[in-house]
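Student: So that we are looking at the same thing, I have put the structure below in structure tokens.
Protein chains: 2
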Amino acid sequence: MNANLLPNSGNVDGSDSRRNMGSWISGCCGNPKTQLIRLWEFGSSDRIRFIFPAKMGLALTLLSFFIFLKEPFQDLSSHSVWAILTVVVVFEMTIGSTLRKGFNRFLGTVLAAGLALAVAQISILTGDYEEVIIIGAIFTVGFLTNFLKLYPTMRPYEYGFRVFLITFCFIVVSGYKTGRFFQTAINRSILICIGAIVALAVNVFIYPIWAGEDLHALIVNNFDNVAASIEGCVDAYLACIEYKRIPSDILTYEPSDDPLYNGYRSAVESMTQEKELLGFAIWEPPHGRYKIVKYPWKSFIKVSGALRHCAFAVMALHGCILSEIQAPPKSRLIFRSELQNIGIESAKVLRAIGDRIEKMKQLGVGDILSSVNKAAEELQDKIDRRSYIFVNSDKWEIGGRQQDGEDGGSSRRGRGGGNEGDSDFNNNHFAIKSQSEAVLDLRYVEFEIHSGESSESMSPGFVESKETSNETTKPTYHMHTAINAQSRIYESASELSLSTFASLLIEFVARLSNLVDCFEELCKIAQFQEP
Amino acid sequence: MNANLLPNSGNVDGSDSRRNMGSWISGCCGNPKTQLIRLWEFGSSDRIRFIFPAKMGLALTLLSFFIFLKEPFQDLSSHSVWAILTVVVVFEMTIGSTLRKGFNRFLGTVLAAGLALAVAQISILTGDYEEVIIIGAIFTVGFLTNFLKLYPTMRPYEYGFRVFLITFCFIVVSGYKTGRFFQTAINRSILICIGAIVALAVNVFIYPIWAGEDLHALIVNNFDNVAASIEGCVDAYLACIEYKRIPSDILTYEPSDDPLYNGYRSAVESMTQEKELLGFAIWEPPHGRYKIVKYPWKSFIKVSGALRHCAFAVMALHGCILSEIQAPPKSRLIFRSELQNIGIESAKVLRAIGDRIEKMKQLGVGDILSSVNKAAEELQDKIDRRSYIFVNSDKWEIGGRQQDGEDGGSSRRGRGGGNEGDSDFNNNHFAIKSQSEAVLDLRYVEFEIHSGESSESMSPGFVESKETSNETTKPTYHMHTAINAQSRIYESASELSLSTFASLLIEFVARLSNLVDCFEELCKIAQFQEP
Chain D
1 MNANLLPNSG
11 NVDGSDSRRN
21 MGSWISGCCG
31 NPKTQLIRLW
41 EFGSSDRIRF
51 IFPAKMGLAL
61 TLLSFFIFLK
71 EPFQDLSSHS
81 VWAILTVVVV
91 FEMTIGSTLR
101 KGFNRFLGTV
111 LAAGLALAVA
121 QISILTGDYE
131 EVIIIGAIFT
141 VGFLTNFLKL
151 YPTMRPYEYG
161 FRVFLITFCF
171 IVVSGYKTGR
181 FFQTAINRSI
191 LICIGAIVAL
201 AVNVFIYPIW
211 AGEDLHALIV
221 NNFDNVAASI
231 EGCVDAYLAC
241 IEYKRIPSDI
251 LTYEPSDDPL
261 YNGYRSAVES
271 MTQEKELLGF
281 AIWEPPHGRY
291 KIVKYPWKSF
301 IKVSGALRHC
311 AFAVMALHGC
321 ILSEIQAPPK
331 SRLIFRSELQ
341 NIGIESAKVL
351 RAIGDRIEKM
361 KQLGVGDILS
371 SVNKAAEELQ
381 DKIDRRSYIF
391 VNSDKWEIGG
401 RQQDGEDGGS
411 SRRGRGGGNE
421 GDSDFNNNHF
431 AIKSQSEAVL
441 DLRYVEFEIH
451 SGESSESMSP
461 GFVESKETSN
471 ETTKPTYHMH
481 TAINAQSRIY
491 ESASELSLST
501 FASLLIEFVA
511 RLSNLVDCFE
521 ELCKIAQFQE
531 P
Chain W
532 MNANLLPNSG
542 NVDGSDSRRN
552 MGSWISGCCG
562 NPKTQLIRLW
572 EFGSSDRIRF
582 IFPAKMGLAL
592 TLLSFFIFLK
602 EPFQDLSSHS
612 VWAILTVVVV
622 FEMTIGSTLR
632 KGFNRFLGTV
642 LAAGLALAVA
652 QISILTGDYE
662 EVIIIGAIFT
672 VGFLTNFLKL
682 YPTMRPYEYG
692 FRVFLITFCF
702 IVVSGYKTGR
712 FFQTAINRSI
722 LICIGAIVAL
732 AVNVFIYPIW
742 AGEDLHALIV
752 NNFDNVAASI
762 EGCVDAYLAC
772 IEYKRIPSDI
782 LTYEPSDDPL
792 YNGYRSAVES
802 MTQEKELLGF
812 AIWEPPHGRY
822 KIVKYPWKSF
832 IKVSGALRHC
842 AFAVMALHGC
852 ILSEIQAPPK
862 SRLIFRSELQ
872 NIGIESAKVL
882 RAIGDRIEKM
892 KQLGVGDILS
902 SVNKAAEELQ
912 DKIDRRSYIF
922 VNSDKWEIGG
932 RQQDGEDGGS
942 SRRGRGGGNE
952 GDSDFNNNHF
962 AIKSQSEAVL
972 DLRYVEFEIH
982 SGESSESMSP
992 GFVESKETSN
1002 ETTKPTYHMH
1012 TAINAQSRIY
1022 ESASELSLST
1032 FASLLIEFVA
1042 RLSNLVDCFE
1052 ELCKIAQFQE
1062 P
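The listed protein sequences correspond, in order, to chains D and W. All residue numbers for the first sequence refer to the working numbering, where the first residue is 1 and numbers rise by one. All residue numbers for the second sequence refer to the working numbering, where the first residue is 532 and numbers rise by one.
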């Protein structure tokens, strides 16, 4: 079942509500047939959407038979509306939330009834001051209830406090009108109990919907999302995909269509929903595959939290793709196989853990991280051997000042040229910059990419600055125009940005080990099967 | 006023609720005096906590006078409990949420009353089938209401649907019992209107609490938090603060005591609360400083989203501090002033924008970003001049294979040694690794930090690997033990990690410009004052 179905899941931006309702209503009036088809499609895409309302309708129908009761149940029958109202108020989609609300309602009602009866007794005993006592009691109880529910640890019981206040006022007021405080309290309690029992019975015995199962499915789904996102990020980086214009939704962290972005965002955003489902799931008795009393849902949340920590690393990787400063495609190709390997292996690890969580099985023998760690080491090793790609020694202070530029330049060139495998990867990489608008406001110069030294077709600005920096170094640096200085700066930044991507990818791999630890802890606590 | 006060703000982990309530109750019974003092302190820390309950108590008291009405209002008086219940249900802390709930309740009640009267008429007309019609209607209405409220655009009206169903059931059932459908519907509607009007009047005219103001304060507060976090991150990085053991709360993205972490986390986490407050604020009429009809709260949210995008960059920076792979302290010192400058200037920009949002003023003339951009350029320029710090050419393929190791080594040493300013920053940086547990499971070797080449006191493992790599290069690399290979790999990774931190900091600066754009848009739409 899709966890997003929960009415309280809060995925909808409340700010759109007025507009949406307006457009929905106008759409409804405009073409009822289209709307009916749309509603039918909405319902049939997940049968829960038909089952839940039908269950509620059934519970209401069962209780409405009460109103036809004759003597000797006339008294119950005349208050039967309370049982129906209880169902409307308490009946929630999942069993956990129904139980929690039912508990709140029960406790609130019982305590309020007790207090109301005490107040009634006192008011009757005082005689002339009856009205004063009643009004004073209503103010005091209203004040205290609303004060206490602000207390942080009391917040989950907000509903209970509300019920308490409603019941208290109702009993005191109707008792005063009819003079039958005790009768009112008893009748109301019995009918609320009947309503609660019917609601619970229908909810549990007819096609039960468990919050725990939703939570489980949500977490498993997040693993797939993050796996797709990390794989997609690495692929996009290697394919040198650039955002011509970054969607403003991404820049303000709003929902967007971008699949890479949605992958990690769903894992980050599901936190609120997980917390909510956890609050319900802990109320649910052992059932189905979840046979342990006090099932360790908190450990599931912890694994999901560790996944979120990984998702933030994916977010940082995506930041490299969004960034204005982009590494030259040629340099990325050098690390192609290593980067891709990490992407594939990480996604495998995530999917494997997600799959084990779904099947509630432990990991097999052998280290699940061995392949991905190996891939990370290979990348790091290659970085170690080729880190000259990241740096541009033209402007090195240690080189430029001590020996003349020609010497430094030629020694590098000699080394680079001699290595056949890397003949096209010398230090002359050129910056490629995205057209994104999320940039430092610099008027940069664009360069062409080229491989051979013979076919150098650079922009004049670039040639100039290169020549100058080879001839003289720092002393004349400040004489360059601002544009040239900035283009130089961003050129070398682009060379380092590949190393940033690589470091962040290695950091992502490091975070996987924490995830595996959390998962193994979960295996023990939740008694997952041996593989 | 502290926005966290809102009862629905959902900041409390529902999973703790059972335990918390237990401990609170037991604490309450154990030492009532301590608990009372604690409650008093809780209330007096923010006077809203006393004012809100008092307002609610007042509204209840005003309505409870209804029950003492004599003829000719006997009929109203006997149903007066409905007015009181409406107050309990509709009265929310902020004006926006009260208005929204009141609207839901009004619409739900009116539509339900209309439908119930129609059903009643039909059931009376059919005579013998009255019961069948009533039961059928209850099931159908129960089904449809609960089905429609699952529809995504309908979710904000969940409460309205519930009220609709309650009212419908109530009128149909009580009407059947008393035979006075019409009278029931009219009486109930009048009393609900009275209750709603009293609730609204008390809420608006006595110490009004506006959701919009809370939203405003929340966003301004986030700017301060992120500013403190970015400054703290840079300082912590330069002070080489390491986590001996990373709090598991951070690894699973749970609340923690860490101030750096809390700074950006609060900005990320406030999203849910902002959305909720936005949903209320759009219902509020112009008031106080917010004089525009349909105040552009959405633009505030957009600025906050852009700030969140920056907060994610701070999160990535914090990730560098948490990472196992740490740059040598000595290298960090080289970039000290540039890094610190960016930290200070970025925080200044954030605080300036936060301050302007608070005072609802535009930015002054001149580019607010000029200092921070300049600082970023200086950093990039220095990176450009000193990028040799990030790389370790010992293992460069282009060097090692073509010429013997001695030659390559000495030429580097010659260059490094000749530059007095950098004499202690040659390529021999040693890896410092945190003891964090969020690491690749590598048995790494620890090295001491030292500056002069004369006092080299390395671990044997390191000396061995260094000598070997100087004598022979790649061909013998694979003969090293795994430990040596890995320690080498992490040594060079540590050198690049400084460049990662620097790139991420520059990326943070780039994201500030998007924030400024969003802020300027807000200035126009919300008609902020000229400076």
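Don't be surprised by glycine CBs; every beta carbon is placed ideally from N, CA and C. Everything numeric in this text was worked out from a predicted model, so none of it was measured.
Considering only C-alpha positions, which residue in the set 651(W), 1053(W), 725(W) and 876(W) is nearest to residue 1043(W)?
Tutor: Per the Cα distances, 876(W).
Student: May I ask you to list the residues that DSSP assigns as paired with residue 361(D)?
Tutor: 529(D)
Student: Hey, does residue 803(W) have any beta-carbon neighbour from chain D nearer than 8 Å?
Tutor: yes
Student: Ignoring anything shorter than 4 residues or poking outside the segment 679 to 756 of chain W, list the alpha helix (DSSP H) runs there in chain order.
Tutor: 689 to 709 and 712 to 736
Student: To which residues of the same chain is residue 794(W) closer than 7 Å at the C-beta, ignoring the five residues directly before and after it?
Tutor: 756, 757, 759, 760 and 763
Student: May I ask you to list the residues that DSSP assigns as paired with residue 287(D)?
Tutor: 290(D)
Student: Listed from N- to C-terminal order along the chain, which residues in the segment 161 to 181 of chain D have their beta-carbon within a distance smaller than 8 Å of any beta-carbon of chain W?
Tutor: If you check each beta-carbon in the segment 161 to 181 of chain D against every beta-carbon of chain W, the ones closer than 8 Å belong to 162, 165, 166, 169, 170, 173, 174, 176 and 177.
Student: Step through the CB atoms of chain D and report whether any lies within less than 8 Å of the CB of residue 1049(W).
Tutor: yes
Student: Which residues of chain D have a Cβ atom closer than 7 Å to the Cβ of residue 880(W), listed in chain order?
Tutor: The contacting residues do not exist; residue 880(W) stays about 13 Å from chain D at best.
Student: Buried or exposed: where does residue 205(D) fall if 16 or more other Cβ atoms within 10 Å of its Cβ makes it buried?
Tutor: exposed
Student: By the three-class DSSP mapping on this structure, what secondary structure does residue 856(W) have?
Tutor: strand
Student: According to DSSP, is residue 886(W) part of a helix, a strand, or is it coil?
Tutor: Residue state, collapsed to three classes: helix.
Student: Buried or exposed: residue 915(W), going by 16 or more other Cβ atoms within 10 Å of its Cβ?
Tutor: buried
Student: Taking 8 Å as the CB-CB limit, is residue 840(W) close to chain D?
Tutor: yes
Student: Let me see if you follow: with CB-CB separation under 8 Å, is residue 665(W) close to chain D or not?
Tutor: yes
Student: Just the C-alpha distance for residue 79(D) and residue 188(D), rounded to the nearest angstrom, thanks.
Tutor: Rounded to the nearest angstrom, the two C-alpha atoms are 7 Å apart.
Student: I need the boundaries of the alpha helix (DSSP H) containing residue 92(D), first residue and last residue.
Tutor: It is not in any alpha helix (DSSP H) - residue 92(D) carries neither H nor E in the DSSP assignment.
Student: Please report the residue range of the alpha helix (DSSP H) in which residue 598(W) lies.
Tutor: That residue, residue 598(W), is in no alpha helix (DSSP H); it is neither H nor E in DSSP.
Student: So, does the CB of residue 299(D) fall closer than 8 Å to a CB anywhere in chain W?
Tutor: no
Student: Using 8 Å as the threshold, is the segment 568 to 588 of chain W in touch with the segment 138 to 148 of chain D, meaning 3 or more CB pairs across them?
Tutor: yes
Student: So is residue 821(W) buried or exposed if we call it buried at 16+ other beta carbons inside 10 Å?
Tutor: buried
Student: With a threshold of 16 other CB atoms inside 10 Å of the CB of residue 105(D), please say whether the residue is buried or exposed.
Tutor: With 16 or more other Cβ atoms within 10 Å, it is buried.
Student: Count the C-beta pairs between the segment 496 to 515 of chain D and the segment 357 to 366 of chain D that are closer than 8 Å, then say yes if the count reaches three, no if not.
Tutor: no
Student: Quick check: what's the CA-CA separation for residue 501(D) versus residue 578(W)?
Tutor: 50 Å
Student: Here's a check: name, in chain order, each residue in its chain whose Cβ is nearer than 6 Å to the Cβ of residue 1036(W), leaving out the five neighbours to either side.
Tutor: 873
Student: Do residue 382(D) and residue 312(D) have their beta-carbon atoms positioned less than 8 Å apart in this structure?
Tutor: no
Student: Tell me which residues of the segment 657 to 684 of chain W have at least one Cβ-Cβ distance to chain A shorter than 9 Å, keeping chain order.
Tutor: Note that chain A does not occur in the displayed structure, where the protein chains are D and W.
Student: Comparing the C-beta of residue 797(W) with each C-beta of chain D, is any distance below 8 Å?
Tutor: no
Student: Starting from residue 567(W), find everything on chain D with Cβ-Cβ shorter than 8 Å and list it in chain order.
Tutor: Residues of chain D passing the Cβ test: none, with the nearest at roughly 12 Å.
Student: Identify the contact partners of residue 312(D) in chain W, using a Cβ-Cβ distance below 9 Å as the criterion.
Tutor: Those within 9 Å of residue 312(D) in chain W are 784, 843, 846, 847 and 850.
Student: Rounded C-beta distance between residue 730(W) and residue 597(W)? I'm assuming under 8 Å.
Tutor: Rounded, the Cβ-Cβ distance is 14 Å, inconsistent with contact.
Student: Is residue 523(D) buried or exposed, if buried means 16 or more other CB atoms sit within 10 Å of its CB?
Tutor: buried
Student: Is there a Cβ of chain D sitting closer than 8 Å to that of residue 578(W), yes or no?
Tutor: no
Student: For residue 310(D), which residues of its own chain have a beta-carbon under 7 Å away from its beta-carbon, when the five flanking residues on both sides are left out?
Tutor: 226, 508, 511, 512 and 515
Student: For residue 1094(W), does the three-state DSSP call read helix, strand or coil?
Tutor: This structure does not reach residue 1094(W), given that chain W is present from 532 up to 1062, and the question cannot be answered.
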